[in-house]
Amino acid sequence: MRSLRTRVLAVVLAICLSAPGALQARVTPTHGFDLFSAQEEVQAGQQAATQVPKQLPVLPDSDPVARYVQRLGAELAGHAPGEKWPYNFHVVNQKEINAFALPGGPVYVNVGTIQAADNEAELAGVMAHEISHVVQRHGTRAATKQMAAQLPLAILGGIFGRGALSQMAQLGISFGVGSYFLKNSRQAEKEADLLGSNIMYDTGFNPQAMAQFFEKIQQQGGSRAPQFLSDHPDPGNRVEYVMTEVDTLPRKQYRGDSSEFRDIKQRVGGMRPLTAQQIAAQQKSGGFSGAGQAGAPSGSTGQPGSDVAPSANLRALNHSDFQISYPDNWQVFGDQNSAVTIAPQSGISQNAIAYGVMISGYQPEDPNASLDQNTHELINSLRQSNPDLRQIGNDESIRINGVAGRSADLIGVSPVQDRRGSSVRERDWLVTMKRSDGNVIYLIFIAPDPEFGRLRPTFEEMLRSFRLR
Ligand code: ZN
């Protein structure tokens, strides 16, 4: 007993002596029930991140303020425990104090936050706090709770680490700007404060500055930080519990402001960032062009990510019921035995699929009826869950690799919105064919109506490659 204890002590001492100032696991990041694999977590965040520059005035990555925040962020993230997420840091040219983090790494800090920070430690505190939300996966854990409440168990059981993303899309869960899942619980806030204190400490900043900055904006009232306070609700006694945590750490000399911080403070002092009101007005009139994104297309629809443009290289999907080729920069959601969606990552927007193809099966009432009859039955059934859907023109007979099929054009409502915030018309191209067992296999090619023509050659190529098994 005694010898074991001595040995443990010796090991602890050895760690302390051999690695002064190195990261020691003090606050252990919490982990909770999470349906998202690490890869899906990163994808969910990246998907949301493509929307941020359209909704907020994000400074270009090359801006000196952005570059400074990137450097400071990278230094802090270097001391973050747990999974090594692909952190990246951005500055929003907004006056109000706020900061938020998306799952898997993207962190955004408002210019107003830098203007309000009296020293570098206060700014580092906000960023260490955001990094801690990423480390502890607070966003996807909250989304998981919601999904568990909404999904039948059979589906829930099937999506651990695979398909969480598409389920999330189907349930209308997103991590977009202002989304519910970026609002943290008080428990999550306290966890982020405590872990953030450790990251601050390990990077050489006084952790107390973080708690003090939060208390300061709380005292200033909500006028400059209403969004911050709603995203990061005050758990109460921040300074107190952060100080208790700091007391458990060895005393050390904290660093002062860097000359770079002072330069940046001067620079942001001369900036006139947009107010939340101005940003809301811009969002209504079409959003932002997306800072730092070269050659962003302009059009009547929301701007899809660059991955919507299909790659000319095709990849084959071998499903148990069929085979199909698809652009290799698009993704398959589902597996070889389930219904599948093949779509660009950013084509699954808000709560539905905006670009891509869904492939599924349908069991008709009367398997002996003609494919024509089965197809109309299918359209009626699709309309029950999508009342806006209507057929345009007549359906036609086609052949897909020698198999008889029917083709019909439908119009619905796209999840994509135009610059005035109204929904864009969606074009859905339905193709059906019958299997030998009488069941119908169908494909629905989906795109916003104005862009359907551009994607049609890809859709046709995919259909030409389609083979029933
Ligand atoms: Zn927070």
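Residue 565 in my numbering is what sits at position 412 of the sequence shown, and the numbering runs on without skipping anything. Glycine included, C-beta positions come from ideal geometry on N, C-alpha and C. Bear in mind the structure is a predicted one, so any value in this text is a computation, not a measurement.
Proximal residues to residue i (C-beta, below 6 Å), its chain only, five neighbours per side dropped
i, result
"F619", "I477, I553"
"F486", "S319, T494"
"A274", "F358, N359, A362"
"D581", "L563, G565, I597, I599"
"A429", "E249"
"N466", "D481"
"R155", "Unreliable placement is indicated for R155, whose pLDDT of 40 sits below 50; the coordinate value is still reported in the next sentence. Correct list: empty, nothing qualifies."
"D187", "R290, T293, R294, T297"
"F612", "F598"
"G439", "R572"
"A254", "V260, E283, H286, V287"
"G445", "Its pLDDT being 38, under 50, G445 is placed unreliably by the model, and the measurement read from it follows with that caveat. P213, D214, listed in sequence order."
"R404", "none"
"G185", "R294"
"F242", "V222, Q223, G226, V260"
"E193", "A317, L318"
"Q204", "G329"
Candidates the options, of which the one nearest residue i by Cα
i, options, result
"S190", "A201, R294, N246", "R294"
"N246", "P256, P217, K237", "P217"
"Q419", "A561, Q372, Y221", "Y221"
"R339", "A219, P388, A469", "P388"
"E549", "S575, P213, L583", "L583"
"F367", "G574, I532, A252", "A252"
"S560", "T266, N482, T585", "T585"
"Q570", "K437, M321, L255", "K437"
"G591", "S575, G574, A557", "A557"
"I267", "A219, S464, K405, N241", "A219"
"D410", "Y595, D271, G198, I594", "D271"
"E342", "V279, D400, K369", "V279"
"L276", "H529, Q365, T528, S464", "Q365"
"A227", "G258, D460, L427, H529", "G258"
"Y508", "W238, R607, P379", "R607"
"I551", "D519, V395, K587", "K587"
"Q223", "S473, Q498, I417", "I417"
"N547", "S464, Q431, H529, N539", "H529"
"D346", "M396, R377, Q380", "M396"
"F605", "V461, D355, S473, R404", "V461"
"P463", "S327, P610, Q199, T203", "P610"
"V262", "P540, Q380, D602", "Q380"
"Q199", "N390, S412, Q498, Y354", "Q498"
"R377", "N533, Q537, A269", "A269"
Neighbourhood of residue i by C-beta distance below 7 Å, restricted to the same chain and skipping five residues each side
i, result
"I352", "L229, H232, A233, A281, I284, S285"
"L535", "L542"
"H385", "N337, E342"
"T183", "Q289, E344"
"R617", "none"
"Q516", "N592"
Anticipated Cβ contact below 8 Å, residue i with residue j, distance rounded
i, j, result
"L348", "V180", "5 Å"
"V288", "G235", "5 Å"
"R578", "S567", "6 Å"
"Y595", "L531", "6 Å"
"V593", "N527", "5 Å"
"F441", "P206", "6 Å"
"A496", "Q484", "6 Å"
"S350", "V399", "6 Å"
"G316", "A201", "About 18 Å; that fails the 8 Å criterion."
"A433", "M321", "Their Cβ separation, rounded to whole angstroms, is 26 Å, which puts A433 and M321 out of contact at 8 Å."
"M424", "V264", "6 Å"
"V244", "L209", "About 10 Å; that fails the 8 Å criterion."
"G514", "I506", "No, G514 and I506 are not in contact; Cβ-Cβ is about 18 Å, not under 8 Å."
"L335", "F475", "About 39 Å; that fails the 8 Å criterion."
"M615", "Y394", "That belief does not hold up - the Cβ atoms of M615 and Y394 are roughly 56 Å apart, past 8 Å."
Cβ of residue i within 8 Å of any chain D Cβ
i, result
"G226", "Absent from the structure: chain D. Only one protein chain is present."
8 Å CB neighbourhood of residue i in its chain, flanking five on each side removed
i, result
"S575", "none"
"Y407", "A274, G357, F358, N359"
"Q435", "P210, L427, F441"
Practice task
Measuring from each Cβ to the nearest heavy atom of ligand 1, keep the ones under 6 Å and list them in chain order.
Solution key: H282, H286, N337, E342, A345, H385
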